[in-house]
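J.: This structure is in structure tokens; I'll ask about it shortly.
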Amino acid sequence: MRKRRKIITVSTAVAAAATLPLLMSPVVSAAVLEDDDESSRMTRLYAPPPDRDSYRQVARLAWRGDFRDSAGLLSMVRTPQAVWYGDETPEQVERLVRRTTRSADWQGRLPVLALYNVPGRDCGSYSSGGADSLAEYEAWIDAVAAGIGDREVLIILEPDSLALLPSDCADASNAAQTAVEQQTVIEEQTTANEQTTADEQTAADGQSAADGQPAADGQPAAQEQPAAEESPTELPPLPDPGASTAPPTGSAAPGAGQEAAQTPGQQLPDALPAASETPAPQPPEVQEPAALEPSASQTPAPEPSTEQPGTLPELPPLPTPDPVTPEPGNSVDPDELDTPVVEDPETAARYSEINYAVDVLTALGQTSVYLDAGHAGWHSVSSIVPRLIKAGIDRATGFALNVSHYQTDPDSTWYGRLISSCLAYADEGGDPEKCADQSWSRRHARRWLRAHAPDDPAGMKHYVTDTSRNGQGPWTPRDRHIDAQSWCNPPGRGLGRRPTTHTGDALMDAALWVKTPGESDGRCLRGTDGPLDPVRGTVNPEAGEWFPDQALELVRYADPAVKVFRRTAGR
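Every letter in the sequence shown is one number past the one before it in the working numbering, and letter 33, counting from 1, is 33.
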């Protein structure tokens with residue numbers, strides 16, 4: 001009996017595997033027809049072999065009779081998307097890149113390669129890794145170039161490498177943990193203050209008794225302490241680094257560092273104030289719980305108190321030397337200034353790495369290279385443009401937006417236009433700080449564009465956007481008291497615009513699926529100890545692994561919707 005059941009089970013599985021391609025054939029044929037319909041006016045993009053786990057999910061859905069989701073998922077994984085490379089040895093990446101570019105060349109399609117191996121990747125967060133040194137990275141890039149050869153390729157160079165520089169990591173990585181540690185220290189200081197006050201009260205009562213002078217009724221000795229020594233009964237709320245909106249596997253893969261870095265103006269304090277300097281909490285109506293405390297270097301010194309028992313007097317600040325002001329007609333060598341600006345070694349190395357990659361890859365002749373420019377909800381135009389300039393944007397094809405993120409197409413195209421215009425303005429000697437920003441009103445920004453942007457888009461830097469998961473736009477968490485990590489596997493997102501080089505925008509070269517839809521961004525602990533994602537209530541797969549729940553959401557909430565079945569002509 002058991003043998004018979006086993007034979008029936010195996011036969012059914014074989015039959016299901018054999019009939020699955022037939023069940024999915026309308027989707028496959030529809031995808032091919034849609035691609036061929038526009039082949040005369042756009043470049044045909046390469047679709048790499050899907051993840052094996054994605055095919056297993058397709059088979060499971062078909063086995064359960066959920067043919068619509070199964071077909072939609074199959075359509076998603078067979079759509080052209082980027083091929084990611086990172087962490088391979090030079091020998092491995094050369095072989096893999098050569099295999100991909102040859103396959104695409106044989107099919108007459110353009111492959112999109114996402115190179116993700118820069119040292120210090122993702123600030124050591126979910127998608128950490130990369131080469132160990134500049135020399136190792138250069139050898140890796142040389143191997144990629146050898147694998148490409150003279151074939152045509154579109155490259156997304158190091159997502160998050162410029163929007164999340166090493167100099168950003170100190171404020172970006174583990175911001176939530178730092179805030180918790182800060183709050184713990186404040187609590188310990190408050191407890192110590194309360195104990196000190198109690199001890200002083202006890203000592204004062206003992207001294208009064210010894211002198212024969214009992215304390216007056218209703219007048220405790222604690223009232224004699226200055227206001228600066230009083231401890232708050234309620235602590236201010238924890239900073240909320242999730243007040244703003246990425247990485248990715250390649251993403252963004254970026255990791256937990258991206259979330260904290262995306263909020264302009266939010267910085268963790270460099271040092272906590274002394275116990276006697278802890279300010280009392282503001283009334284609820286004037287508190288701003290979403291903002292982080294200003295850094296110690298930006299906090300004004302407290303007002304001096306006439307009575308501060310047990311506290312050393314503050315020393316006056318050291319005099320600040322007058323800035324060097326050149327006289328008219330005389331030039332000053334910046335190296336001769338007393339306080340030259342020194343860039344940290346890791347950030348300087350990052351620029352060297354990207355510049356080297358730009359030079360090597362663009363020298364191949366048929367390779368288009370797009371640098372990382374973050375997304376519209378992260379850096380201002382005046383912030384990202386100088387980074388692009390230092391990274392060699394003048395020699396690259398353009399820049400990439402929204403990689404592994406969820407910004408809408410209108411926001412990305414507007415941001416891209418402003419960046420491209422600012423780059424052209426800076427190329428003519430303009431100051432990027434004076435460029436129109438995405439925070440400006442459209443009326444004022446358009447006025448700036450009319451005055452400063454070139455009339456011919458051919459002379460401006462172009463861009464590409466990632467539309468793989470932006471069908472529903474960015475996710476806004478309901479609970480503002482958690483570290484949202486809104487870039488990390490947010491719920492209810494959908495596929496966006498299908499990949500195409502026919503964009504209808506003179507500055508936009510392509511809409512691409514750079515991030516592989518269905519792959520996890522990481523565990524997404526959102527400031528908790530884990531292992532569960534507090535928003536989803538599940539343990540998310542590691543970065544880069546297949547995430548079945550998210551894959552189904554992307555299909556079900558896609559905008560435009562996934563075309564599962566295609567009607568035959570005449571019906």
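C-beta atoms are modelled at their ideal positions from N, C-alpha and C, and glycine is treated no differently.
Treat the numbers as computed from the prediction; the structure is a model and nothing was measured.
1. Considering only the beta carbon of each residue, do Gly530 and Arg523 sit closer than 9 Å?
2. May I ask you to list the residues that DSSP assigns as paired with Asp122?
3. For the beta strand (DSSP E) that Thr367 lies in, which residues bound it at each end?
4. Look up Ala18 in the DSSP assignment and say whether it is helix, strand or coil.
5. Just to confirm, are Ser161 and Arg350 a CB contact at a threshold of 9 Å?
6. Mind checking who Trp475 pairs with in its DSSP beta bridge?
7. Going by C-alpha to C-alpha distance, which of Gly429, Asp51, Ala145 sits closest to Arg95?
8. Does DSSP put Gly504 in a helix, a strand or coil?
9. What distance in whole Å lies between the Cβ atoms of Leu552 and Asp69, which are believed to be in contact at a cut-off of 8 Å?
10. Do you know whose CA, among Thr467, Asp87, Cys488, Ala170, lies nearest Gly496's CA?
11. Going by C-alpha distance, which of Pro517, Val539, Thr528 is nearest Thr79?
12. Pairing CB atoms from the stretch 426–435 with CB atoms from the stretch 471–480, are three or more of them under 8 Å?
13. Can you tell me whether DSSP reads His444 as helix, strand or coil?
14. Identify every residue that forms a DSSP beta bridge with Ala551.
15. Would you report the Cα separation of Gly392 and Phe67, rounded to the nearest angstrom?
16. Going by DSSP, what residue range makes up the alpha helix (DSSP H) through Ala426?
17. Under three-state DSSP, which class holds Pro264?
18. If I follow the unbroken beta strand (DSSP E) through Ile155, where does it start and stop?
19. Under a Cβ-count criterion, where at least 16 other Cβ atoms within 10 Å of its own Cβ denotes burial, should Arg450 be classed as buried or exposed?
20. Could you check whether the Cβ of Thr503 sits closer than 9 Å to any Cβ belonging to chain C?
21. Which residues in the same chain as Asp105 place their Cβ atom closer than 6 Å to its Cβ, once the five residues preceding and following it in sequence are excluded?
22. Less than 7 Å between C-beta atoms, sequence neighbours within five positions excluded: which residues of the same chain meet that for Glu346?
23. Do Tyr116 and Gly149 have their beta-carbon atoms positioned less than 9 Å apart in this structure?
24. Please name the residue in Asn402, Gln438, Arg56, Leu361 whose C-alpha comes closest to that of Arg470.
25. Thinking Tyr415 and Gln438 are a contact (beta carbons under 8 Å), I'd like their distance in whole angstroms, please.
26. Would you say the beta carbon of Gly377 is closer than 8 Å to some non-hydrogen atom of the ligand NAD?
27. How long is the line joining the alpha carbons of Leu554 and Met76, rounded to whole angstroms?
28. Around the C-beta of Pro48, are 16 or more other C-beta atoms found within 10 angstroms, so that it is buried, or is it exposed?
29. Can you give me the Cβ contacts of Ala558 inside the same chain, cut-off strictly under 6 Å, excluding the 5 residues immediately before and after it?
30. What number of angstroms, rounded off, separates the C-alpha of Tyr55 from the C-alpha of Ala506?
31. Can you check which of these residues, Arg443, Asp142, Ser125, Pro491, is closest to Leu164 by C-alpha distance?
32. Assign Glu353 to one of three DSSP states: helix, strand, or coil.
33. Given this structure, state the Cα-to-Cα distance separating Ile583 from Ser441, to the nearest angstrom.
34. Assuming contact is defined by CB atoms lying nearer than 9 Å, are Tyr406 and Trp487 in contact in what I supplied?
35. Which class does Glu346 belong to by DSSP, given the choice of helix, strand or coil?
T.: According to the structure data:
1. On the sequence shown, residue 530 is found 530 positions in, with the first residue counted as 1. On the sequence shown, residue 523 is found 523 positions in, with the first residue counted as 1. Going by C-beta atoms, Gly530 is nearer than 9 Å to Arg523.
2. For the purposes of this step, residue 122 is taken as the residue at position 122 of the sequence shown. The bridge partners DSSP lists for Asp122 come to none.
3. Along the sequence shown, one-based indexing puts residue 367 at 367. Annotation: the continuous beta strand (DSSP E) that includes Thr367 extends over 367–372.
4. Within the sequence shown, residue 18 is the residue found at index 18, counting from 1. With a pLDDT of 44 at Ala18, under the threshold of 50, the modelled position of this residue cannot be trusted, and the question is left open.
5. If you number the sequence shown from 1, residue 161 lands on position 161. If you number the sequence shown from 1, residue 350 lands on position 350. Closer than 9 Å, so yes.
6. Position 475 of the sequence shown, counted from the start, is the residue given in the question as residue 475. Looking at the DSSP assignment, Trp475 forms no beta bridge with any residue, so it has no partner.
7. As a first step, residue 95 is located in the sequence shown; it is residue number 95 there, counting from the start. Closest by C-alpha distance to Arg95, out of Gly429, Asp51, Ala145, is Ala145.
8. In the sequence shown, residue 504 corresponds to position 504, counting from 1. Here Gly504 sits in coil by DSSP.
9. As a first step, residue 69 is located in the sequence shown; it is residue number 69 there, counting from the start. As a first step, residue 552 is located in the sequence shown; it is residue number 552 there, counting from the start. Contact holds; Cβ gap of about 6 Å.
10. Indexing the sequence shown from 1 puts residue 496 at position 496. In terms of CA proximity to Gly496, Thr467 leads the group Thr467, Asp87, Cys488, Ala170.
11. For the purposes of this step, residue 79 is taken as residue 79 along the sequence shown, with counting starting at 1. Of the listed residues, the one whose Cα sits closest to Thr79 is Pro517.
12. No, the stretch 426–435 is not in contact with the stretch 471–480.
13. By 1-based counting over the sequence shown, the position of residue 444 is 444. The answer is helix: DSSP assigns His444 an H, G or I state.
14. Within the sequence shown, residue 551 is the residue found at index 551, counting from 1. Here Ala551 is not bridged, per DSSP, to any residue.
15. Mapped onto the sequence shown, residue 392 falls at position 392. Mapped onto the sequence shown, residue 67 falls at position 67. Cα to Cα, Gly392 sits roughly 49 Å from Phe67.
16. Looking up residue 426 in the sequence shown gives position 426. DSSP places Ala426 in the uninterrupted alpha helix (DSSP H) bounded by 409–427.
17. Here residue 264 is taken as the residue at index 264 of the sequence shown, counted from 1. Note on Pro264: pLDDT 42, under 50, position unreliable in the model; no value is reported.
18. Translated into positions along the sequence shown, residue 155 becomes position 155. Here the beta strand (DSSP E) through Ile155 covers 153–157.
19. Translated into the one-based positions of the sequence shown, residue 450 becomes position 450. By the Cβ neighbour-count rule, Arg450 is exposed, with fewer than 16 other Cβ atoms within 10 Å of its own.
20. Absent here is chain C; the protein component of the structure consists of one chain.
21. Along the sequence shown, read from residue 1 onward, the residue named residue 105 stands at position 105. By the criterion of a C-beta distance shorter than 6 Å, Asp105 is surrounded in its chain by Arg151, once the five residues flanking it on both sides are discounted.
22. Looking up residue 346 in the sequence shown gives position 346. Excluding residues up to 5 positions away in sequence, Gly120, Pro166 lie with their Cβ nearer than 7 Å to the Cβ of Glu346 in the same chain.
23. For this step, residue 149 is matched to residue 149 along the sequence shown. For this step, residue 116 is matched to residue 116 along the sequence shown. Cβ distance not < 9 Å, so Gly149 and Tyr116 don't count as in contact.
24. Within the sequence shown, numbered from 1, the residue matching residue 470 stands at position 470. Note that residue 470 corresponds to Asn in the displayed sequence, not to Arg. Checking every option, the nearest Cα to that of Asn470 belongs to Asn402.
25. For this step, residue 415 is matched to residue 415 along the sequence shown. For this step, residue 438 is matched to residue 438 along the sequence shown. Contact flag correct, Cβ pair sits at about 5 Å.
26. With respect to small molecules bound, the structure shown includes none, and the ligand NAD cannot be examined in it.
27. Walking along the sequence shown from the start, residue 554 turns up at place 554. Walking along the sequence shown from the start, residue 76 turns up at place 76. Distance between the alpha carbons of Leu554 and Met76 is about 9 Å.
28. In the sequence shown, residue 48 corresponds to position 48, counting from 1. Buried.
29. Looking up residue 558 in the sequence shown gives position 558. Here Ala558 has Gly471, Gly494, Leu495 as same chain residues with Cβ atoms under 6 Å from its own Cβ, once five neighbours each way along the sequence are excluded.
30. Position 55 of the sequence shown, counted from the start, is the residue given in the question as residue 55. Position 506 of the sequence shown, counted from the start, is the residue given in the question as residue 506. Here the alpha carbon of Tyr55 sits roughly 37 Å from the alpha carbon of Ala506.
31. Position 164 of the sequence shown, counted from the start, is the residue given in the question as residue 164. Nearest C-alpha to Leu164: Ser125.
32. For this step, residue 353 is matched to residue 353 along the sequence shown. Here Glu353 sits in helix by DSSP.
33. Look at the range of the chain in this structure, 1 to 571, and you will see that residue 583 is not part of it.
34. Against the sequence shown, residue 406 aligns to sequence position 406. Against the sequence shown, residue 487 aligns to sequence position 487. Contact: yes.
35. Numbered from its first residue, the sequence shown carries residue 346 at position 346. In this structure, Glu346 counts as helix in the three-state DSSP scheme.
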